[in-house]
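S.K.: Questions regarding the structure given below will be posed in turn.
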Amino acid sequence: MQQIDPALLKKIKAKVEEELNKRELETVQYWLEELNKVYARHKDITTLQNALKELAQRMQNRIRALKENL
0 MQQIDPALLK KIKAKVEEEL NKRELETVQY WLEELNKVYA RHKDITTLQN
50 ALKELAQRMQ NRIRALKENL
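Position 4 of the sequence shown, counted from 1, bears residue number 3 in numbering that gives the first Met the number 0, the numbering being contiguous throughout.
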């Protein structure tokens with residue numbers, strides 16, 4: 000079995016880390032925007048609680064869908 004050049008391996012690792020960080024940033028920004036939308040629309044506690052439950056359900060559904068694709 001051939002050894003991978005350490006410099007190439009380091010470059011690949013850096014690229015993967017960069018891509019993971021980029022995707023994590025995009026994900027966190029998306030959910031922050033969604034949370035801000037919920038917060039802006041609801042002024043009383045009851046509707047805010049319902050909206051937060053809805054948002055949590057959407058997140059759970061997305062997690063489930065992503066896990067199915069792994």
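Backbone N, C-alpha and C define an ideal beta-carbon position, used for all residues, glycine too.
Since the model is a prediction, treat every value here as computed from it, not as a measurement.
Could you give the residue range of the alpha helix (DSSP H) that holds K21?
M.R.: 5-40
S.K.: Roughly how many whole angstroms lie between the Cα atoms of N48 and K12?
M.R.: First, the amino acid is wrong: residue 48 is Gln here, not Asn. Taking the straight line joining both Cα atoms gives about 42 Å.
S.K.: What's the C-alpha gap between H41 and M58?
M.R.: 19 Å
S.K.: Give the single residue among A64, L65, V37 whose Cα lies nearest to the Cα of E53.
M.R.: V37
S.K.: What number of angstroms, rounded off, separates the C-alpha of A50 from the C-alpha of L19?
M.R.: 30 Å
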